[in-house]
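Working notes, beginning with the structure itself.
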Amino acid sequence: MKSVAYNALAAGILLATGLTSSVRAETVETHIGPLEIVNGYPTPEATQKIFDESDFQRATQAYLWGLPAVGFHGLHLAQLNIFGAKDGDVVLYVTLKDKTGMLTPNLTTIYAMSFWNLATQGPLVVIVPKGASAGGVLDIWQRPITDVGQTGPDKGQGGKYLILPPTGDAIVNPEFNVLRSPTNQIWFATRGLGSDPVAAEAVVRGYQLYAYDDRQRPPQTKFIPVGGKDWTSEQPRDLRYWQWLHDVLEPEEPEERDRFFYGMLLPLGIEHGKPFAPDERQKKILTEAAVLGDMLGRATAYAKRVEGNEVWDGKHWEYANMVELDQTFRGYGQIDERGSWYYEAIGNTVGMQGRTLGFGQVYLEAQKDKDGAWLDGGKSYHLRVPADAPVEQFWSFTLYDNMTRGPLITPQGAADISSRKEGLAVNPDGTVDLYFGPNPPPGANANFVQTVPGKGWFTYFRLYGPKQAYFDKSWQLGDIEEMP
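In structure tokens, the structure reads:
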């Protein structure tokens, strides 16, 4: 009786005050469409739409985050499956054809590369020969564990390095430079820098890689030439990207800096310690995110919005590599700088930072002409290289396809030109006129690199062994100019 009275009293109060128990519904307009809200709660349909959008956004950002690891894995897969190289074998990339599947390779020097798994193969010994070479050993995020050769501790005089896994007992051996890798999977890469290609190959063939346990009787390192095989290591733009990302991360313990990204990927079927088996909803989101993620990588690389990326005031040359060795700067993780560089390139070492007087490499990039228009394979361009280029070794321009980020493939069969080129025409004042386009101007064949109508392209200007005039900017390169 009391309960009924109280209910009646409450109802009377509600009526007297104008309050009712009716449902309050509203529609919130968003960029993903209207979302229905009832009494402050999203409807089941709205909730699903919100989660789908959240997962799509997470996957798109994770695509950018994963670029260095997926780039590492793509090259590793090519060496295993196309070149038949086991971990510890060294693959030699010599010709333009050999390098067509690589992201923005130098076409002037020979490359030698190998992979190793510290968890399954044990600590790695790297024997570096004396001579003109430069490279490094990197982890799956393409952070350098050490430089080797001219930019490493051995300074090109030869040395011995021992790479340990992330965990386990320390090894004290004064015979070696002993370093510990943050990841189990590692990548060795070097280049021969000598002007004589035969001598340069002899230097890189002098490297030795073997397990520390085999140090008393080390096996002979196997060198495998690419031999002109067709291949690619560019990051996929479909569901394969996520399979590659899962596969390369699975053998590794998540790092503290990356745990939020691991958490973001959980609702998408990518979880450490579990197989990658996305359902249909997850596949749809991941596939769409790979397409937009690739576009995000492209925009980040070709329209850089990183502070300080302009080389010379008022010109369209940019620093291609602005990634610090530990991938942090001023207290933040370099998500955009890293995405920009690893979308279009592989590797990062002390020597690749371009900050050492007389050693290493500088990477300057241009995608636009003097007027700020994108470089177009159907147009003709001119560039004058000023005299006395500030290099101890040589300079080179290499042209790349902006879709594959590999060398531009043309009927000419060349995608670069360098100060080492035999027959390069040098003006009496020491300047060099270069030409790019579908067809060479009359009499300019020696200084011409062909482009392809309908294809966009960009270029890297490399300085090997930069001199002081580069650092103090007393020597400057002009913009690429469209010819009438």
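Those letters in the sequence shown? Residues -25 to -1, 1 to 459, by mature numbering (1 follows the signal peptide of the UniProt record, and there is no 0).
In this text, a Cβ means the ideal position worked out from N, Cα and C, and glycines have one as well.
No experiment lies behind these values; they were computed from the predicted model shown.
- Every candidate alpha helix (DSSP H) stretch fails here, since none sits fully inside the region 337 to 424 while reaching 4 residues.
- In this structure, DSSP gives Asp454 a state outside helix and strand, which the three-state scheme calls coil.
- Around the beta-carbon of Ile7, fewer than 16 other beta-carbon atoms lie within 10 Å, marking it exposed.
- Each residue's CA atom was taken as its position, placing Gln342 and Lys290 some 11 Å apart.
- When the Cα atoms are used, Ala34 and Tyr237 turn out to be separated by approximately 11 Å.
- Here DSSP, grouped into helix, strand and coil, assigns Trp287 to coil.
- Rounded to whole angstroms, the gap between the alpha carbons of Phe446 and Leu332 is 8 Å.
- Between the alpha carbons of Lys61 and Ser29 lies a distance of about 40 Å.
- Gly398 and Asn422 have their C-alpha atoms roughly 9 Å apart.
- Counted as a single uninterrupted DSSP element, the stretch harbouring Gln257 is not any beta strand (DSSP E) but the alpha helix (DSSP H) occupying residues Glu255 to Tyr277.
- Restricted to the region 183 to 222, the beta strand (DSSP E) segments that are unbroken, complete and at least 3 residues in length are 183 to 186 and 198 to 200, listed in chain order.
- Note that the C-beta distance between Arg155 and Val100 is not below 8 Å.
- When secondary structure is reduced to three states using DSSP, Ile146 falls in the coil class, being assigned neither helix nor strand.
- Close CB contacts of Lys204 within its chain, under the 7 Å cut and outside five residues either way in sequence, are with Ile57 and Phe58 (chain order).
- Per the DSSP secondary-structure output, Phe163 pairs in a beta bridge with Ser89 and Val112.
- Within its own chain, the residues whose Cβ lies closer than 7 Å to the Cβ of Thr165, once the five positions on either side in sequence are excluded, are Ala87, Ser108, Ala109, Gly110, Val123, Gly124, Val179 and Tyr182, listed in chain order.
- Counting only the Cα atoms, Ala320 lies some 18 Å from Ile120.
- A residue is called buried when at least 16 other Cβ atoms come within 10 angstroms of its Cβ; Met458 does not meet this threshold and is exposed.
- Relative to Tyr38, the option among Ala265, Val407 and Asp346 whose CA is nearest is Ala265.
- If you draw a straight line from the Cα of His221 to the Cα of Pro365, it is about 44 Å long.
- Residue pairing by DSSP places Ile102 opposite Lys135 and Gln183 in a beta bridge.
- The region 405 to 421 makes contact with the region 348 to 367: 3 or more CB pairs, one atom from each, lie closer than 8 Å.
- For Asp301, no beta strand (DSSP E) segment is defined, and its DSSP state is neither H nor E.
- A distance below 8 Å between beta-carbons, with the five flanking residues on each side excluded, links Asp301 to the following residues of its chain, in chain order: Arg118.
- As a beta-bridge residue in DSSP terms, Trp432 pairs with Asp376.
- Listed in chain order, the non-local C-beta contacts of Asp73 below 7 Å within the same chain comprise Val201 and Gly203, local neighbours out to five positions each way being set aside.
- Contact between Gly127 and Gly106 fails: their C-beta atoms lie close to 13 Å from each other, not under 8 Å.
- The DSSP-derived three-state label of Val66 is strand.
- At the C-beta level, Leu78 and Ser208 come within 8 Å of one another.
- Shown here, Thr126 sits in coil according to DSSP, grouped into three states, outside any helix or strand.
- In this chain, the alpha helix (DSSP H) harbouring Pro19 covers Pro19 to Asn56.
- Counting only residues of its own chain and dropping the five nearest sequence neighbours on each side, Glu312 has a CB closer than 6 Å to the CB of Val281, Met297 and Val298.
- The Cβ atoms of Thr434 and Thr373 lie closer than 8 Å to each other.
- Counted as a single uninterrupted DSSP element, the beta strand (DSSP E) harbouring Glu4 occupies residues Ala(-1) to Thr5.
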